[in-house]
């Protein structure tokens, strides 16, 4: 995948993620977005979910629930985990944020 296509796909995911967190109660969860990373913090516990780019391999990496998972963009347009565990990016982020804060993003 070329850099421009990868960057556009990542930007779309990050925009959707930030918009979902912005709809949530800020007393429960908040996020900080920089160019290549979104950090979501559970307000009550301080637990974090980190979503960032892995540009060299054209992936998105998510750290949450005590693990880090790499996601690649499939031919069908879905970001799926690179270990074939059946994880989908937005579903995994929702699960991690829910575990950390109790907030479900409800894509």
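In the numbering used here, the protein residues as written are 130 to 236. All C-beta atoms, glycine included, are put in the ideal place defined by N, C-alpha and C. Predicted model only: the values in this text are computed from it and were never measured.
- Here residue 196 is exposed: its Cβ has fewer than 16 other Cβ atoms, across all protein chains shown, within 10 Å.
- Residue state for residue 176 is assigned as coil, using DSSP reduced to three classes.
- Residue state for residue 147 is assigned as helix, using DSSP reduced to three classes.
- A residue is called buried when at least 16 other Cβ atoms come within 10 angstroms of its Cβ; residue 193 meets this threshold and is buried.
- In the three-state reduction of the DSSP assignment, residue 202 falls in the strand class, which pools E and B.
- In the structure shown, the three-state DSSP call for residue 138 is helix.
- In this structure, 180 is the residue among 184, 180, 201 with its C-alpha nearest to the C-alpha of residue 191.
- Going by DSSP, residue 224 is part of the alpha helix (DSSP H) stretching over 218–230.
- With distances taken between CA atoms, residue 198 lies nearest to 224 out of 234, 224, 174.
- One thing to note: residue 148 has its Cβ no nearer than 8 angstroms to the Cβ of residue 159.
- The bridge partners DSSP lists for residue 193 are 196.
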